[in-house]
Amino acid sequence: MSTATFVLAATSSGVLDVVAAFVGGLIIAGALVWAVQFGMRVRDRELPRPVPGDHPHLPATGPVREQSEIREPDEMPHGEGRERLMPYDLHHSGSRTGKDQRRRRWLPGSSGSFGGGGIGHV
Numbered sequence: 003m004s005t006a007t008f009v010l011a012a013t014s015s016g017v018l019d020v021v022a023a024f025v026g027g028l029i030i031a032g033a034l035v036w037a038v039q040f041g042m043r044v045r046d047r048e049l050p051r052p053v054p055g056d057h058p059h060l061p062a063t064g065p066v067r068e069q070s071e072i073r074e075p076d077e078m079p080h081g082e083g084r085e086r087l088m089p090y091d092l093h094h095s096g097s098r099t100g101k102d103q104r105r106r107r108w109l110p111g112s113s114g115s116f117g118g119g120g121i122g123h124v
């Protein structure tokens, strides 16, 4: 083979590479355009976005504040002579508001936690 043949082969392969890259770029660009149009069609079929009037508002009394209370266990009621308890015999919650709402305070020299089992006052 002569050098002219190698030059022609190298030149034609370079042109084919450029043409292949250009065609590949057109395919990718077309796929991106199609994906954007498809997304726009899907978005047009969705429900409209809520307007500001659809959002919740603060109550007239202002924001709701956190409420803290001491709870105590609500004992299971007895069957009152029946064989078993029915669901309507039970209370709504497993605890109820405690009778004494004063918070227990930590005393210096006592155990680190309430009911923690420490040695207590030293």
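My numbering puts the first residue of the sequence shown at 3, with every later residue one more than the last.
Glycine included, C-beta positions come from ideal geometry on N, C-alpha and C.
Since the structure is predicted, the reported quantities are computational estimates derived from the model, not experimental observations.
### Task
Kindly list the residues whose CB is nearer than 8 angstroms to the CB of T5, restricted to its own chain and excluding five residues on each side of it in sequence; keep chain order.
If you number the sequence shown from 1, residue 5 lands on position 3. Excluding sequence neighbours, T5 sits near nothing in its chain.
#### Entry: Close Cβ partners of Q2 (< 7 angstroms) along its chain, the five nearest in sequence each way excluded
Shown here, the chain extends from 3 to 124; a query on residue 2 therefore has no answer.
### Query
Just reading off the beta strand (DSSP E) that E74 is part of, what are its end residues?
As a position in the sequence shown, residue 74 is number 72, starting the count at 1. Segment 73-75, the beta strand (DSSP E) holding E74.
### Task
Compare the Cα-Cα distances from T99 to each of G83, P75, D56, M88 and report the closest residue.
Numbered from 1 along the sequence shown, position 97 holds the residue referred to as residue 99. If we check each option's Cα against that of T99, P75 comes out closest.
### Message
If you reduce the DSSP assignment to three classes, tell me which class T63 lands in.
### Response
Indexing the sequence shown from 1 puts residue 63 at position 61. Residue state, collapsed to three classes: coil.
#### Entry: Start-to-end residues for the beta strand (DSSP E) that takes in R98
Numbered from 1 along the sequence shown, position 96 holds the residue referred to as residue 98. Per DSSP, R98 belongs to the beta strand (DSSP E) from 97-99.
#### Entry: For K101 and P89, the rounded distance between their alpha carbons
Here residue 89 refers to the residue found at position 87 when the sequence shown is read from its first residue. Here residue 101 refers to the residue found at position 99 when the sequence shown is read from its first residue. Whole-angstrom Cα-Cα distance: 26 angstroms.
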